[in-house]
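S.K.: One structure, pasted below without further comment.
Number of protein chains: 2
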Amino acid sequence: MAQPRTNLTINPQRLWDQIMETAAFGATAKGGIKRLTLTDDDKRVRDWFRAQAEALGCTVTVDEVGNMFARRPGRDDGLPPIAMGSHLDTQPTGGKFDGVLGVLGALEAMRTLVETGYETNAPVEVVNWTNEEGSRFAPAMLASGVHAGVFTPDYAYAREDREGKKFGEELERIGYRGAEKAGAYKLGALFELHIEQGPILEDEGKTIGVVQGVQGMRWYEVTVTGQESHTGATPMHLRRNALLGAARMVERVHGIALAHPPGVGTVGLVEVRPNSRNVVPGEVFFTVDFRHPEEDVLDAMEREFRAALPEELAPLKLECDEKRIWNSPAVKFDPDLIACVRHGAEQAGYPTRDMVSGAGHDAAYVARVAPTTMIFVPCLGGISHNEEESTTFDECAAGAQVLLNAVLEYDRRFAG
Amino acid sequence: MAQPRTNLTINPQRLWDQIMETAAFGATAKGGIKRLTLTDDDKRVRDWFRAQAEALGCTVTVDEVGNMFARRPGRDDGLPPIAMGSHLDTQPTGGKFDGVLGVLGALEAMRTLVETGYETNAPVEVVNWTNEEGSRFAPAMLASGVHAGVFTPDYAYAREDREGKKFGEELERIGYRGAEKAGAYKLGALFELHIEQGPILEDEGKTIGVVQGVQGMRWYEVTVTGQESHTGATPMHLRRNALLGAARMVERVHGIALAHPPGVGTVGLVEVRPNSRNVVPGEVFFTVDFRHPEEDVLDAMEREFRAALPEELAPLKLECDEKRIWNSPAVKFDPDLIACVRHGAEQAGYPTRDMVSGAGHDAAYVARVAPTTMIFVPCLGGISHNEEESTTFDECAAGAQVLLNAVLEYDRRFAG
């Protein structure tokens, strides 16, 4: 045990340079990245990642759905590996940090271990999950879902993009359909570093989000039906204005979320029919997105929402059709891993905030089969899935350092 | 004066048959009409109309923008003619009655005069105005606008459809660019029979709308700007939700209209950006349509609307851009003509209701240059601009009879 245990320090400049270097694979004119999963650009960044990992002496394996694992042996190589990683695919007009920071931050942590010759008890792996975004092949988090047993490989292979190309064919085409069965060996732990994709850390001046879990999410679709009629010739009392009913539901969804902190509720998509300046809207379709860390509170929000529909619509002589189209249960991350993240942030001197992820991540699926948690760093204005996505040099460095610290702490405390 | 003055009766079956006969020119599978202005179908119905009028001994003249006038001389042919009519063009998925009833009802009234040999003091004309609908060539009421001096002929000629074809070229092509200057001779009066295009008459069980004028109309465009953000990762208190602001304005527009009866106010068109289920809307564009018979009340409604924008949007940290894009002043119809319509309806024994037209009509422009009024009959459910548009046999007959009665009353009282 000759290695120093607590002062391994990542190289922030090298991390930043690699973020900028890989941003060239699918770079957009506005400074973002368009690197849809299983495209030629995705192959280029995968090849780059494999070469970097192998140069560090890691063994890279690829599973049957393209998930990549770059492994450095531990002192006891029979222990389940401690994994860290995220995804290298992006949205069509994505930024430089979403997913990328989690993989390259992990690679930088790995490089630090290698350069210092630090020996972990357990093997350590850097993971690149396939198709986290789901932009090209829905649903999102497809291959971590296969890893976790949520989807079968055949389900994944059969997903089609808008041109009718299949996930399985494209995986073969770029040479990343591996031999290894997905989820065949258990991870001992997974730490996922990610940008927050929300404004909380920035708003409160905190550097590290200690993520407790992922909110439960429920999606609904509502169609409100009234009667389309002439705006000039239809007196107010004879209208059946579907948009007025929908507007009142936008207000109610907002109110229901406010009544259940820290829950959120959003009408994000609205289609008005016929959507003409001089026609009273006869039909409005809208979506509702409710999220909360507690399932029983989500149950209450759902009840209140469903009660609000007739309350608001019946007095306006409107009818409605409502259905829940998605239900993603809340995820609680592993307390031991959370403790290691908190320790790692304190060790590095960063102010933290406990938080719950509002968005879905690979870690949410992996949490079903392995102890898992996440580390968040701020992003400017909370803006993500956007070419303007921005996390600073120092924030990237902080995230990678806390990731390394947390992995080492976990290795010392739980893999010893 | 050998003719009976008060008991000329139109032939309801003949009127109905001609409505159904001409509905074949541009008939749609769903029982409506697609007869866009200056198309081959428009030429066919124009040719039919000309032939019918000439068979009755009328002289048909066509002005430089295609308006057709079928004239029967009066006893004193130097008097300005008493005109009745509307338009034969339709919406892309129009019904069988909008405009058509006004022309064919007038033709039936003319035929009744001819068959009974009734001699009017003034000449009587049946008018077919070109391009009332504005669906193919915007704006609507184009050729009655030229007649009234609102637009120049050259402005009309230069209007283009979506394929880049010009109004002037298409008018030439179908052979309906006449020699006569638009508006060259003054009409003594214009009576326009039309379906209500609203639900009031049906709702109150009245047969004849005695139209007092046309509401003033003002159109606005509003863009509300907030900040698009992730629905899951953005807490309620850090949102700048443009849709919430727009929803509150939908409510305010509704309330402002309710506070100023018989005014109406409508948000008819809404575009949410980016319009995605899991993105808090960053921008919403919507239109507002306010109408009222009194200009000073419209001024008040506009003031309240403009005050409501910052009241609703500022607390939500939203910005907005608002502009008035159209202002069509209220029109008051001629009291003498209105009296003749009321007399004509009483004479025929139909229950009436005074009303103000909520929609624009050729008569609204013509009112600038000649005494004008309108006669409304019910349409089922207030539905118009729709293939399901429906007015009954008896209602069509009632409208044409009241039109004839009103023209004769006007001829007796004011053209003597």
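Protein chains in written order, with the numbering used here: chain P, 1 to 416; chain F, 1001 to 1416.
Just so it is clear, CB atoms sit at the ideal spot from N, CA and C, and this is done for glycine as well.
1) Between which two residues does the beta strand (DSSP E) harbouring residue 1320 of chain F extend?
2) For residue 409 of chain P, collect the residues of the same chain with a Cβ closer than 7 Å to its Cβ; drop the 5 residues on either side in sequence, then sort them by chain order.
3) To the nearest angstrom, how far is the alpha carbon of residue 17 of chain P from that of residue 287 of chain P?
4) Using a Cβ-Cβ cutoff of less than 8 Å, which residues in the same chain neighbour residue 420 of chain P once the five nearest sequence positions on both sides are dropped?
5) Let me know the secondary structure DSSP gives residue 43 of chain P once reduced to three states.
6) List, in order along the chain, the chain F residues whose C-beta lies closer than 7 Å to that of residue 266 of chain P?
7) Which same chain residues, not among the five before or five after residue 1354 of chain F, have their C-beta less than 7 Å away from its C-beta?
8) Pair every Cβ in the stretch 1177–1185 of chain F with every Cβ in the stretch 1088–1096 of chain F, then say whether three or more of these pairs are closer than 8 Å.
9) Report the residues of the stretch 192–217 of chain P with a CB closer than 9 Å to any CB of chain F, ordered along the chain.
10) So what does DSSP say about residue 1347 of chain F, is it helix, strand or coil?
11) Quick check: the Cα distance between residue 1002 of chain F and residue 1117 of chain F, rounded to an integer number of angstroms?
12) Which of the three DSSP states, helix, strand or coil, is assigned to residue 1121 of chain F?
13) Rounded to whole angstroms, what is the Cα-Cα separation between residue 4 of chain P and residue 154 of chain P?
14) Check each residue of the stretch 306–328 of chain P: if its Cβ is closer than 8 Å to any Cβ of chain F, include it; give the result in chain order.
15) For residue 1071 of chain F, which three-state DSSP category applies?
16) State the DSSP-derived secondary structure class of residue 63 of chain P, mapped to helix, strand or coil.
17) So which residues of chain P does residue 1277 of chain F contact, with C-beta pairs closer than 7 Å?
18) For residue 65 of chain P versus residue 130 of chain P, is the C-beta distance shorter than 8 Å?
19) Let me know the secondary structure DSSP gives residue 1405 of chain F once reduced to three states.
20) Within the continuous alpha helix (DSSP H) that includes residue 1189 of chain F, where are the two ends?
21) Could you check whether the Cβ of residue 1254 of chain F sits closer than 8 Å to any Cβ belonging to chain P?
22) Using the Cβ count rule (16 or more neighbours within 10 Å means buried), how would you classify residue 57 of chain P?
23) Which residues does DSSP pair with residue 1223 of chain F in a beta bridge?
24) Hey, out of P:314, P:364, P:141 and P:303, whose CA is closest to residue 333 of chain P's CA?
25) Among all the DSSP beta bridges, which residues are the ones paired with residue 180 of chain P?
26) Can you name the start and end residues of the alpha helix (DSSP H) that residue 215 of chain P belongs to?
27) Straight-line CA distance for residue 1034 of chain F to residue 1197 of chain F?
28) Of all the options F:1059, F:1032, F:1403 and F:1067, which has the alpha carbon lying nearest to the alpha carbon of residue 1046 of chain F?
29) Can you tell me where the alpha helix (DSSP H) with residue 1103 of chain F in it begins and where it stops?
30) Measuring straight from C-alpha to C-alpha, what distance separates residue 9 of chain P and residue 1230 of chain F?
31) Can you check which of these residues, F:1127, F:1175 and F:1272, is closest to residue 1106 of chain F by C-alpha distance?
32) Candidates F:1015, F:1037, F:1014 and F:1041: which alpha carbon is nearest residue 1027 of chain F's?
33) Once the 5 residues before and after residue 1317 of chain F are set aside, which same chain residues still bring their CB inside 6 Å of it?
34) Tell me, please, whether the stretch 1372–1385 of chain F touches the stretch 1319–1337 of chain F by the rule of three or more beta-carbon pairs shorter than 8 Å.
35) Taking residue 262 of chain P as the query, report the chain F residues whose CB atoms sit under 7 Å from its CB, ordered along the chain.
36) Let me know the secondary structure DSSP gives residue 1267 of chain F once reduced to three states.
M.R.: Here's the rundown:
1) 1319–1328
2) 340, 343 and 344
3) 41 Å
4) Past the edges of chain P, shown from 1 to 416, lies residue 420 of chain P, and the structure says nothing about it.
5) helix
6) 1231 and 1280
7) 1210 and 1212
8) no
9) 196, 197, 198, 199, 200, 203, 214, 215 and 217
10) helix
11) At residue 1002 of chain F the pLDDT is 37, less than 50, meaning the model places this residue with poor confidence; the figure from the coordinates comes in the next sentence. Approximately 10 Å, taken between the alpha carbons.
12) coil
13) Interpretation of residue 4 of chain P is limited by its pLDDT of 40, a score under 50 that renders its predicted location unreliable; no figure is taken from the coordinates.
14) none
15) strand
16) strand
17) 219, 268, 269, 287 and 289
18) yes
19) helix
20) Careful: residue 1189 of chain F lies outside any alpha helix (DSSP H), inside the beta strand (DSSP E) at 1189–1195.
21) yes
22) exposed
23) F:1285 and F:1321
24) P:364
25) P:63
26) Run containing residue 215 of chain P: none; DSSP gives neither H nor E here.
27) 18 Å
28) F:1067
29) 1100–1116
30) 33 Å
31) F:1127
32) F:1041
33) 1240
34) yes
35) 1235
36) coil
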